[in-house]
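One structure is given here, and the rest of the page talks about it.
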Amino acid sequence: MFELGTDGPRSILVGVDGTETSLRAGSYAAGLARRQGAQVIVLFVHVPAGGGLLNPQLMELQRQSQVSVVDELREEAHRNAAALGLHITFHERHGNPYLELVRLADELRVDAVVVGASMQAGHRLIGSLATRLVRDARWPVTVVP
Numbered sequence: 128m129f130e131l132g133t134d135g136p137r138s139i140l141v142g143v144d145g146t147e148t149s150l151r152a153g154s155y156a157a158g159l160a161r162r163q164g165a166q167v168i169v170l171f172v173h174v175p176a177g178g179g180l181l182n183p184q185l186m187e188l189q190r191q192s193q194v195s196v197v198d199e200l201r202e203e204a205h206r207n208a209a210a211l212g213l214h215i216t217f218h219e220r221h222g223n224p225y226l227e228l229v230r231l232a233d234e235l236r237v238d239a240v241v242v243g244a245s246m247q248a249g250h251r252l253i254g255s256l257a258t259r260l261v262r263d264a265r266w267p268v269t270v271v272p
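Here my numbering is used: the sequence shown runs in plain steps of one and ends on residue 272.
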């Protein structure tokens, strides 16, 4: 069957964490999905704090903070998707953001991955999530500034 204007991705995975660049990545992915008629798959990865592992109270505060952020992100994603007529799914995982993005992308066989650029100065020296995804990826990766 002939399809007009659907040579682009059919499923787009976007990593969000509540930062300004990840929210811009989400908006970019939504715009791309709207134009291509694609599905958006949103992933939030809960990352345990290094120092918090020794202090149960800090771990609980961090967990509560992340739950609050993810609830807001999920609600906003579904509200915006409904307004744009998009089909989205929202996933949560725990662990290393790079590994979880790669695992989900492979599991769902996505056509593209979108992430926000890191704003942390140290990542210029040791590499960021976006840099690793671009270097190691098996799908097109878009890094949104």
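Every residue, glycine too, gets a C-beta built ideally from N, C-alpha and C.
Asked	Found
For L235, tell me which candidate among F217, V242, H173 has the shortest Cα-Cα distance.	F217
How far does the alpha helix (DSSP H) with H205 in it reach, from first residue to last?	183–211
Go to G142, then tell me how far its beta strand (DSSP E) extends in each direction, as first and last residue.	138–142
Does the stretch 136–156 touch the stretch 227–247, meaning 3 or more C-beta pairs lie closer than 8 Å?	yes
Classify D236 as helix, strand or coil using the three-state DSSP reduction.	Inspection of the sequence shows that residue 236 is occupied by Arg rather than by Asp. In the structure shown, R236 sits in coil (DSSP, three-state: anything other than H, G, I, E or B).
On the three-state DSSP scale, how would you describe V174?	coil
Just to confirm my understanding: we take T269, look at its own chain, exclude 5 residues before and 5 after, and list those with CB closer than 6 Å. What are they?	V241
Check whether the stretch 138–146 touches the stretch 154–173, taking contact to mean three or more Cβ pairs, one atom from each stretch, closer than 8 Å.	yes
Classify V237: buried if its beta carbon has 16 or more other beta carbons within 10 angstroms, exposed otherwise.	buried
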